[in-house]
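Numbering (the working numbering), first residue to last: 4 to 77.
Cβ coordinates follow ideal geometry from the N, Cα and C atoms, glycine included.
Please read these numbers as outputs of a predicted model, since none were measured by experiment.
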């Protein structure tokens, strides 16, 4: 299991999702993708994207300055 770290701070929708999509294409099943984002709409978007793609959202954390997500590639 590998970990992939993405810094998507400053990117607006659909930028973060596109970066995650690209990372999942290169990742193997069982890899974890860690993402940092500043776009406030990302929290809702990543939940819907994981449901649609079958990848698992392991963790989602929102602070005043950023959103972090941990996604398991299925």
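In the DSSP assignment, the beta strand (DSSP E) including residue i goes from what residue to what residue?
{"i": "residue 73", "result": "70-75"}
{"i": "residue 62", "result": "59-65"}
I believe residue i touches residue j by the beta-carbon criterion, under 8 Å. Please report the beta-carbon distance rounded to the nearest angstrom.
{"i": "residue 9", "j": "residue 26", "result": "6 Å"}
{"i": "residue 74", "j": "residue 20", "result": "About 11 Å separates the two Cβ atoms, so there is no contact after all."}
Is residue i buried or exposed, if buried means 16 or more other CB atoms sit within 10 Å of its CB?
{"i": "residue 77", "result": "exposed"}
{"i": "residue 64", "result": "exposed"}
{"i": "residue 72", "result": "buried"}
In terms of residues, what are the limits of the alpha helix (DSSP H) holding residue i?
{"i": "residue 16", "result": "Residue 16 -> no alpha helix (DSSP H), and no H or E assigned at all."}
In the DSSP assignment, what residue or residues form a beta bridge with residue i?
{"i": "residue 54", "result": "None, per the DSSP bridge assignment."}
{"i": "residue 7", "result": "36"}
Using three-state DSSP, classify residue i as helix, strand or coil.
{"i": "residue 46", "result": "helix"}
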